[in-house]
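So the sequence lines, in the order shown, correspond to chains A and U.
For the first sequence, counting from 1, position 331 maps to 1092 in my numbering; every step adds exactly one.
For the second sequence, counting from 1, position 264 maps to 278 in my numbering; every step adds exactly one.
This report concerns only the one structure given below.
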Amino acid sequence: MRYLPLSTTDRQAMLATIGAPDIEALFADVPAEARLAGPIAGLPHHASEMAVERALMKMAAKNTTASTAPFFVGCGAYKHHVPATVDMVIQRGEFLTAYTPYQPEIAQGTLQVLFEFQTQVARLTGMEVANASMYDGSTAMTEAVFMARRITRRAKCLVSAGVHPHYTSVLKTLTRFTGDIVEAATPVLTPGAPGHDLDALIAAIDADTSCVVVQNPNLFGHIADLTPLAEACHKAGALLIVVVTEVVSLGAVKSPGEMGADIVVGEGQSLGAGLLFGGPYLGLFACREKHVRQMPGRLCGETVDASGKRGFVLTLSTREQHIRREKATSNICTNSGLIALAFSVHLTLLGEKGLRHLAALNHARAVQLAERLGRVPGVTLLNGPFFNEFTLELGREARPVVRALADKGVLGGVSLGRLWPGEKGLASGMIVAVTETATDEDFDAFEDALDEVMG
Amino acid sequence: MSTPMNNVGRPTRLVSGTGAAVETFTGNRALMLEEPLLFERGAADGCGVDLAPIPPVPDRLGGLARNAAIGLPGFSEPEAVRHYTRLSRQNYAIDLGIFPLGSCTMKHNPRLNEKMARLPGFADIHPLQPQATVQGALELIDVLADWLMKLTGMPAVAMSPKAGAHGELCGMLAIRAALDARGDERRVVLVPESAHGTNPATAAFCGFTVENIPANDRGRVDLDAMLARLGPDVAAVMITNPNTCGLFEPDLKRISDAVHAAGGYVYCDGANFNAIVGKVRPGDLGVDAMHINLHKTFSTPHGGGGPGSGPVVLSAALAPFAPIPFVRRTAKGLELVEEDTAGTHAADSFGRMVAFHGQMGMFVRALAYMMSHGADGLRQVAEDAVLNANYVLASLKDLYTAPFASSGPCMHEALFSDDFLEDTGLSTLDVAKAMIDEGFHPMTVYFPLVVHGAMLVEPTETESKANLDQLIGAMRHIAEAMLADPDAWRAAPHFAPRRRLDETQAARKPVLGWKDEAAA
């Protein structure tokens, strides 16, 4: 057993030091009837590295990977090219096999990375401070709603119909027993602005509203100026929470901070993480400095050491569960440290220049494909303004279309029927995402396949 | 006198005399390299990627283009590699040495896990691809679920929780949903005072009221106090087993039976499952829900603070309330039950906890680890983990105060207090910082709260006897030297990248991001 260094001789010597006759003596507190006599039945015994590799490679081979098919799937997870340097850095054992930096004198590497990450996230979102990460975008959004309630002491949260339905679903689950009231509408596929409902949200804000949650670009790809919504929120004493699920958009589209957001949450997967079948991803969380003591999660701050040198520590931990217990701002402990590192390395390699270029490239490619697919007979492009994702109206149920495209080797998008089962008004919609990874040949393959399936 | 020559004919000279240490121009100390912040070094136009040209098409941003500077400096690839490599060297890690953080299970992270998680068939698939194109991924989740159910003796498992605390939330939401389903309004959750802080925080998020149950003088839950408190208002008991003192709760089955008889549920915090994996099945102890930290027991790396993964095994009573999505075997293959089919197959599900299906990358690593060890090896894991902890306890208890050593062996971690330092003016913090200079990561300190100046040492099974002997030797040396000359020990660490850091200043005037001089 290659991961176990103790030899039989070691074990005997150690038992002798302890004064125990055998290993079972050390399990004396376990009632005899609960102690298993031997290895658990129905599970295989130990295996060589090679044998494990073979078994897992066999499973992996059954999946169609994003890089081997024309690929246009988005809706909260995006395929971007991740530079090789990112994986090299996160595989360094000093980062990979460290713990949460509880002993700052020997964790300055992780802590400085977090300090840089927090700064990058704050600037990217146009906010003043960011935390050291949450599990993913959906849980970050829920934590933001809890935070708004703590700040405003109001319980009603208005969720835009353009927010990812899984995010809204997570919010509803986690607020079932907290006394928060969540109001969320079903989206409407308005031509020119699918899922856009800012006017309705503004009209619904009242004296009980703690916050309004809106996604930009929204699930359908639509982008909107949130400034009037921010003004309406602030006039009523409510907070504006903006969700960003495609952070590359922040290299091209005005940031939530510039449009008046109070809290910005996001899914950071686009930079550094890869697709990973949904996880581990990276929850981003940023806000105004005046609200920092109500933030959830870990925060890294600057300080000095005993000899006056600059250093970094985890700080403001009196908000957290290990100190405040049942009165904590969140129960979160472990977060997404290593994915935050991957994000930060990728963004450092891009820099502002690279991020802007990447964003512009994504946008231009998406515009090209949207115009091509909009010309396929039976297909209508619903979007006015968008970033790298748009919604097509197919005039027929989209779920079978997506499956038929997959049968033709094209991973062509996400049907709204999968996200909103049973909503007849949405069943004919399909969301398509385009990134820098899609080639002209991929465009041709998609257009041809869609044309055939629709024909 | 001529300069001596070495054996290849080059000048050589050994330093004689002590020679005072000098301040270096750079602030570096040979291999110990200072690294400025990205924001101090990176250029606004620095870039380490090459991208395709942008096709000249009119934009469709609706007048919402981001024009103002963002303030994100960049590095070329060589600069980036050096920046992060230098930073990495300021970290302690399991790859460097023993990392005996109690309750955290810092064991070796096998590299096979990393290799398998990076197979494109697992890493390069999208959570919303058509299910027919991800059957292998669903199979992996299903196989891992089967391992977890068999290892715990439980009939169901929820795979989507993202970490231990999220798993606790899953288990407690299932309990709340089960109570609501039968119209039961009991709302009190009993938590032993030695519990992890996440337990009461989680219970509060599910709308429960938390009451603490004291420990007895043997470091276990006070059985009489627990039984006396049970009643029609008690929704659940949250109990950690082995507990946070590193001790097995021998009365757990009795507690479970009593809780069930009183109409409540038993949540077990599985953070310490490493001590009993393959030896004891929590299902045999009457547990209704238990999270499993794949990043502890099943060796997925901690990554400097995550990602984790916290699947939750559930009893038959709670299984119907499990979150969506989940994987189900059908005649046609494996199906991921999402919202669409949940109405049919999971009408009682309490809902969705995360955007997608959980921590796939961690699932692959954990399964690679389980398959490597097998049922026989995992049993050996628990035995060696417990043996190593007891070896440390036996080798230190004459010097370090071991509050519960008289009550018998510990499980996977050895608990000490700093009572032996009374009158020296030193405390647990000073022991921890002295260990840093000796080249060890300190143990968990000041947790659990039930012991004064707690030091919780969890060596794990992946430390050799030689490593433990060195740790023990260093800890004995530190204790003896502290008792002999306390004043020499107030300023450690001396040799770490930083001396003790001013955490009070950090909290009083928080600086949470870089601010340009001009703007400040």
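All residues carry an ideal CB built from backbone N, CA and C; glycine is no exception.
Since the structure is predicted, the reported quantities are computational estimates derived from the model, not experimental observations.
By how many angstroms is the C-alpha of residue j removed from the C-alpha of residue i?
i, j, result
"Thr861 of chain A", "Cys118 of chain U", "10 Å"
"Leu787 of chain A", "Ile84 of chain U", "59 Å"
"Ala218 of chain U", "Lys1088 of chain A", "8 Å"
"Gly320 of chain U", "Ala79 of chain U", "35 Å"
"Lys823 of chain A", "Ala812 of chain A", "18 Å"
"Leu47 of chain U", "Arg512 of chain U", "12 Å"
"Ala94 of chain U", "Glu1050 of chain A", "29 Å"
"Arg7 of chain U", "Leu1102 of chain A", "Limits of chain U in this structure are 15 at one end and 534 at the other, which puts residue 7 of chain U out of reach."
"Thr846 of chain A", "Ser102 of chain U", "14 Å"
"Ala891 of chain A", "Val1004 of chain A", "14 Å"
"Val1270 of chain A", "Glu517 of chain U", "As displayed, chain A neither begins before 762 nor continues past 1216, which places residue 1270 of chain A out of reach and without an answer."
"Asp1201 of chain A", "Gly803 of chain A", "51 Å"
At a Cβ threshold of 8 Å, is residue i touching chain U?
i, result
"Asn1149 of chain A", "no"
"His957 of chain A", "no"
"Phe856 of chain A", "yes"
"Val1137 of chain A", "no"
Using beta carbons (cut-off 8 Å, strictly below), is residue i in contact with chain A?
i, result
"Trp503 of chain U", "no"
"Cys220 of chain U", "yes"
"Ala534 of chain U", "Residue placement at Ala534 of chain U cannot be trusted, given a pLDDT of 41 that sits under 50; the coordinates are not used to answer."
"Val171 of chain U", "no"
"Lys346 of chain U", "no"
"His316 of chain U", "yes"
"Tyr3 of chain U", "Shown here, chain U extends from 15 to 534; a query on residue 3 of chain U therefore has no answer."
"Pro536 of chain U", "Nothing can be reported for residue 536 of chain U, as the shown portion of chain U is limited to 15 through 534."
"Pro144 of chain U", "yes"
"Gln484 of chain U", "no"
"Cys61 of chain U", "yes"
Measuring CA to CA, which of the options is closest to residue i?
i, options, result
"Arg190 of chain U", "U:Cys282, U:Phe364, U:Pro325 and U:Met240", "U:Phe364"
"Leu1143 of chain A", "A:Thr1152, A:Ala1127 and A:Asp1209", "A:Thr1152"
"Cys836 of chain A", "A:Gly799, A:Gln976, A:Ala961 and A:Gln881", "A:Gln976"
"Met1215 of chain A", "A:Arg1164, A:Thr1196 and A:Val1195", "A:Arg1164"
"Gln1055 of chain A", "A:Arg910, A:Gly854 and A:Ala946", "A:Arg910"
"Ser420 of chain U", "U:Pro69, U:Leu261, U:Asp437 and U:Val203", "U:Leu261"
"Pro337 of chain U", "U:Thr314, U:Phe39 and U:Met367", "U:Met367"
"Leu407 of chain U", "U:Cys282, U:Phe418, U:Asp271 and U:Ala428", "U:Ala428"
"Asp848 of chain A", "A:Leu1110, A:Thr1196 and A:Glu1184", "A:Leu1110"
"Met489 of chain U", "U:Phe509, U:Ala510, U:Phe430 and U:Glu477", "U:Phe430"
Keeping to the same chain, check which residues put their C-beta closer than 7 Å to that of residue i; ignore five residues upstream and five downstream.
i, result
"Glu1063 of chain A", "Phe876, Arg1071 and Phe1073"
"Thr1159 of chain A", "This sequence places Ala at residue 1159 of chain A; Thr is not what is there. Around Ala1159 of chain A: Ser1176, Leu1177, Gly1178, Ala1188, Ser1189, Gly1190 and Met1191."
"Arg393 of chain U", "Gly292 and Lys293"
"Ala285 of chain U", "Ser117, Gly178, His210, Thr254, Asn307 and Lys310"
"Glu49 of chain U", "His97, Arg100 and Leu101"
"Asp1066 of chain A", "Gly1072"
"Cys994 of chain A", "Ile966, Val973, Leu1000 and Leu1001"
"Cys1094 of chain A", "Gln1082"
Excluding the five sequence neighbours on either side, which residues of its own chain have a C-beta within less than 8 Å of the C-beta of residue i, listed in chain order?
i, result
"Ala495 of chain U", "Ala502 and Trp503"
"Leu1240 of chain A", "This structure leaves residue 1240 of chain A out entirely; chain A is present only between 762 and 1216."
"Ala997 of chain A", "Ile966, Asp967, Ala968 and Thr970"
"Ala229 of chain U", "Pro206, Glu207, Ser208, Val235, Asp236, Cys259 and Val464"
"Ala387 of chain U", "Sequence inspection shows His at residue 387 of chain U; the Ala mentioned does not correspond to that position. The answer, listed in chain order, is Gln394 and Val395."
"Ile1002 of chain A", "Met902, Ala905, Val906, Ala909, Cys972, Val973, Val974, Val975, Ala1022, Asp1023, Ile1024, Val1025 and Val1026"
"Pro926 of chain A", "Leu980, Leu1180 and Trp1181"
"His1107 of chain A", "Val843, Pro844, Val847, Leu1032 and Gly1033"
For residue i, return the contacting residues in chain B, with the cut-off set at a CB-CB distance below 9 Å.
i, result
"Asp897 of chain A", "Protein chains A and U are contained in the structure displayed, whereas chain B is not."
Using C-beta distances below 6 Å, list every residue in its chain close to residue i, excluding the 5 sequence neighbours before and after it, in chain order.
i, result
"Gly56 of chain U", "Pro87, Gly88 and Phe89"
"Met457 of chain U", "Pro114, Gly116, Met469, Leu470 and Val471"
"Glu349 of chain U", "Arg342"
"Tyr279 of chain U", "Ile189, Ala250 and Asp302"
"Thr442 of chain U", "Asp432, Val459, Gly467 and Met469"
Legend entry - the segment 369-382 of chain U contacting the segment 1039-1050 of chain A, beta-carbon criterion three pairs below 8 Å: yes
Inset, instruction - Would you check if there are 3 or more beta carbon pairs closer than 8 Å linking the segment 325-336 of chain U to the segment 138-151 of chain U? - result: no
Inset, instruction - For the segment 127-134 of chain U and the segment 869-886 of chain A, state whether three or more C-beta atom pairs, one from each stretch, are separated by less than 8 Å. - result: no
Inset, instruction - Indicate whether the contact test is met: 3 or more Cβ pairs, each with one atom in the segment 241-249 of chain U and one in the segment 1106-1123 of chain A, closer than 8 Å. - result: no
Inset, instruction - Could you say if the segment 912-924 of chain A and the segment 952-967 of chain A meet the contact criterion of at least three C-beta pairs nearer than 8 Å? - result: yes
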